[in-house]
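Shown next, in structure tokens, is the structure this report addresses.
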Ligand code: 4NP
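Spelled out as structure tokens, the structure:
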């Protein structure tokens, strides 16, 4: 359970993690925030995103991330930051976008029982969850595909968290 004394004990901490914290995890965070707002359960969650790498610390999300989100009327609040050891206490659930992120988190000391692949919450992908592909080096339509994957996974994640 959460150990941070500044948190409400019944708040559910959810941290989205990717490599750079400018594409996938900020988009997941933005979609998740939008959905919990719409469901009227914003107060139940502590939500953030972070990267395993430090290249983009302090930066806004990639313009293509902001663009795809804006097509769905969603704003992207994230300012890039790197995962830190504190996060492993503060957040109940660490959502890795791919298996490489998962491996890096474990190496950094993340508790296995709080670590999940993002796509394991997608209603159509639970059995053999795919990685959320890194769209950074590709063309713009990679972002649309990632958006759709994250949209489905966020619905499943919210349902699962509210059942706990
Ligand atoms: P993300 O994508 O992990 O989805 O934010 C990346 C963004 C930047 C880099 C790698 C992945 N980079 O190497 O700078």
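In the numbering used here, the protein residues as written are 19 to 182.
By construction, the Cβ of each residue, glycine as well, lies at the ideal position given by its N, Cα and C atoms.
All values reported here derive from a predicted model rather than from experimental measurement.
Give me the residue from the options with the minimum Cα distance to residue i.
{"i": "residue 148", "options": "115, 37, 54", "result": "115"}
{"i": "residue 96", "options": "74, 150, 142", "result": "74"}
{"i": "residue 105", "options": "129, 174, 93", "result": "129"}
{"i": "residue 85", "options": "120, 173, 164", "result": "164"}
Please list, in chain order, all residues of the same chain as residue i whose beta carbon is under 6 Å from its beta carbon, the five residues on each side excluded.
{"i": "residue 64", "result": "29, 31"}
{"i": "residue 160", "result": "153"}
{"i": "residue 46", "result": "34, 168"}
{"i": "residue 48", "result": "87, 92, 94"}
Would the beta-carbon of residue i fall within 7 Å of that of residue j?
{"i": "residue 127", "j": "residue 40", "result": "no"}
{"i": "residue 33", "j": "residue 112", "result": "yes"}
{"i": "residue 140", "j": "residue 178", "result": "no"}
{"i": "residue 44", "j": "residue 67", "result": "yes"}
Using a Cβ-Cβ cut-off of 8 Å (strictly less than) and excluding sequence neighbours within five positions of residue i, which residues of its own chain qualify?
{"i": "residue 123", "result": "35, 70, 101, 112, 114, 133"}
{"i": "residue 176", "result": "50, 53, 54, 57, 59"}
{"i": "residue 82", "result": "41, 153, 158, 161"}
From what residue to what residue does the beta strand (DSSP E) around residue i run?
{"i": "residue 148", "result": "Segment: none, residue 148 is in no beta strand (DSSP E) and carries neither H nor E."}
{"i": "residue 36", "result": "30 to 36"}
How would you write the range of the alpha helix (DSSP H) that residue i sits in, first residue to last?
{"i": "residue 109", "result": "Where residue 109 is concerned, there is no enclosing alpha helix (DSSP H), given that its DSSP letter is neither H nor E."}
Taking 7 Å as the limit between beta carbons, can you name the residues of its chain near residue i, skipping five residues before and five after?
{"i": "residue 51", "result": "65"}
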